[in-house]
Amino acid sequence: MFTILLRCAVSVISLCMMCKPLLAEDDSSFLQGFRVGGYTSVDLHVPRTEPTRLNWNELSMIVTWDKNTRIKFFGELDLEDPASYTHRQGLDFREAYINPERLYFDLNINENANLRLGRFLTPLGRWNQLHASPLVWTASRPLATTELFPSFTSGVQLFGNLPFSERSLDYQVYSATMNAQPESRGETEYKDARGARIALNNVFNFTDENAGLNTIGLNYSSYREEQPGGPKYRLLGLDFLLEFNRWELSGETYTRKAEHGRIGGSGSYLQSAFFIKSDWYWITRLESLHQPAAPNAERWVLGVTKRLKPNQLLKFEIVGGNGEYEDVPRGFATSFAMMY
Amino acid sequence: MSVDWIKVWLMLAGLLPALTMADDTVIAVIVSAQPNFSVSVAASELAPVYWRKKLYDNRGKPLHPANLSTDHPLRLHFSQQVLHSSPRSQVGYWNELYFHGVQPPFTVESQEAMIRYVAYTESAIGYIDACKLDERVHPVLWVTATRVVSEPPNLRCNAAPL
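Chain order of the listed sequences is A and B.
Taking the working numbering, the leading residue of the first sequence gets 146, the next gets one more, and so forth.
Taking the working numbering, the leading residue of the second sequence gets 149, the next gets one more, and so forth.
Okay, here's the thing in structure tokens:
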């Protein structure tokens, strides 16, 4: 089903490109609406129990089309795990695969409402929607943001911003219309996702000159595990971001209930980034994850991150605590990430 | 230590002019004076427009906010009053928006460049020192030292401009 969506999108773009010369307008103006960018990251992991591993995580290409009309296009195509190196296996390219991470059209309805059609990041919390390596302080991702809900949804989303007084409210309401997902290794697969997120911006209306962003978000989602007879879950979550003076505090917490009142699990993280000096930041994170059919985890992360340039981060961190998850091993990790 | 002594010290240190400019400066939020390029902006919408959360006006026209360069004193003042943060602390935010395919506001180097960009760009919004207003642009909002207002405040245009 997703392949159909991909083909449709490519067809629409192709048709637009073919039809445009028939119009009286300048053809180059259509092409000028395209922008290409992306990001990439490389990690070195020294886990407690596994061999040391150098990993090229992804090579991402982001394509957008915006010609000042009510319709916009966004696409992100990732080459995941292009290469890795371990002392035992040497250089390995076999884990590489192509992942069409995001592919959607945005249609502006009015000044406060937009419609998104396609595959998008599930609007749950902050990390899931900003998970790219150059955007996050740590190489490791909080378990609560990977294990409890679907990272992507293919369907429809209504979103917008409602300003009032000194504040504004972001809203996102979504529903999956297609359940078949492209390959995404290592993740639990879900279907029938639907839910909503609202986020209040400028909660505290700080006026101090050291003030920054401050946002609080409320999340609700329901979805079903993909496997036959898989349980249906209802998830409730809270997230926040607070920037003040040299500090950035952020966190997310989720609680999940399965059908018939069964416990579905829960997870949280609380993170701080403290600006030390010369674009160096001290990072501290505490996190937990509880799932019925998987090991519990209580983790801590300590690290330093340098913003080399506005679009480049260099990270060093130690992940400790308990609970072993293959994607986020405990131990030392360093990472370089850049956006282009 | 009395306030006067502090002022004397600041003056000797060469800091008083800068302090005075920051306190007295009134920023005019401007749109094009050409009716077909003009756009309406409410005070409550200014921050969402500059955060690029509000991308369209009520006619479905894409909005084109413009900023002065990050180290321009007027940009710092505008950012502080309207966005409640410094341009430096917004780096992460603009990276996040770029990740979602949204471009930050267009950047110009001078107030004259700002006037030209706003005057000749459809649905453009910018800001300049209120004392630099001319017939090419139309002020819609005013950013004072404490708030954003829709009525023009008393201007003292003999003060040294930013």
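Glycine is no exception: its CB is placed at the ideal position from the N, C-alpha and C atoms.
Keep in mind that this is a model prediction, so the values were computed, not measured.
Query, Result
"Cβ-based burial, A267/B [other Cβ within 10 Å; buried from 16]", "buried"
"CB of S320/A within 9 Å of CB of R339/A, strictly", "yes"
"C-beta atoms of D172/B and A293/B nearer than 9 Å", "yes"
"Same chain, Cβ closer than 7 Å to N302/B, neighbours up to 5 away in sequence not counted", "none"
"Span of the beta strand (DSSP E), counted from its first residue to its last, around W290/B", "V285 to V291"
"Distance, W201/A Cα to R193/A Cα", "20 Å"
"Partner residues on chain B for N491/A, Cβ-Cβ distance less than 7 Å", "The requested residue 491/A does not occur in the structure, where chain A is confined to residues 146 to 485."
"Extent of the continuous beta strand (DSSP E) run through F309/A", "F297 to F309"
"Spatial distance of G448/A from L458/A (CA atoms)", "13 Å"
"Which of helix, strand or coil DSSP assigns to A181/B", "coil"
"Within 7 Å of chain B by C-beta, residues of the stretch 267-292 of chain A in sequence order", "L275, A277, P279 and L280"
"Closest Cα partner of V250/B within the set A176/B, R304/B, Q182/B and L211/B", "L211/B"
"Helix, strand or coil at H212/B according to DSSP, with G and I counted as helix", "strand"
"Residue nearest to I361/A in terms of C-alpha spacing, selected from V464/A, W282/A, F419/A and N350/A", "N350/A"
"Straight-line gap, P166/A to K212/A (C-alpha atoms, nearest Å)", "Any reading at P166/A is ruled out, since the residue's pLDDT is 42, under 50, leaving its predicted position unreliable."
"N-terminal and C-terminal residue of the alpha helix (DSSP H) that G240/B is part of", "V239 to F247"
"Partner residues on chain A for G274/B, Cβ-Cβ distance less than 7 Å", "Those within 7 Å of G274/B in chain A number zero; the least Cβ separation is about 17 Å."
"Burial state of A356/A (16 or more Cβ within 10 Å)", "buried"
"Integer-rounded CB distance, given that G468/A should sit under 8 Å from L434/A", "7 Å"
"Other residues of its chain near P90/A: CB distance less than 6 Å, five sequence neighbours each side excluded", "Beyond the ends of chain A as shown, which are 146 and 485, falls residue 90/A; an answer cannot be given."
"Interface partners of R215/A on chain B, CB under 9 Å", "Y204, G208 and P210"
"At least three beta-carbon pairs within less than 8 Å, the stretch 413-431 of chain A to the stretch 301-318 of chain A", "no"
"Residue-chain proximity (R180/A, chain B), Cβ-Cβ < 9 Å", "yes"
"Nonlocal neighbours in the same chain, by C-beta distance under 6 Å from L189/A, ignoring five residues either side", "L199 and T479"
"Chain A residues whose Cβ lies nearer than 8 Å to that of N243/B", "P279, L280, P455, N456 and M484"
"Cβ separation of E462/A and A258/A, assumed to be a contact under 8 Å, to the nearest whole Å", "40 Å between Cβ atoms; not a contact."
"3-residue-minimum beta strand (DSSP E) runs that sit fully inside the stretch 326-399 of chain A, ordered along the chain", "335-346, 356-370 and 377-389"
"Any chain A beta carbon closer than 9 Å to T261/B", "Note that residue 261/B corresponds to Ala in the displayed sequence, not to Thr. Chain A, which has no Cβ nearer than 9 Å to the Cβ of A261/B, makes this no."
"Helix, strand or coil at Y204/B [DSSP, three-state]", "strand"
"Distance CB(R271/A)-CB(D384/A) smaller than 9 Å", "yes"
"Coil, strand or helix - Y265/B by DSSP", "helix"
"Contacts around A278/B, its chain only, beta-carbon distance under 6 Å, and the 5 residues preceding and following it disregarded", "V174, A176 and L303"
"Proximal residues, the stretch 217-229 of chain B versus chain A, C-beta separation under 7 Å", "Q228"
"Range covered by the beta strand (DSSP E) that runs through P192/A", "F179 to P192"
"DSSP-derived helix/strand/coil call for E469/A", "coil"
"Contacts of F351/A in chain B (Cβ-Cβ under 8 Å)", "H232"
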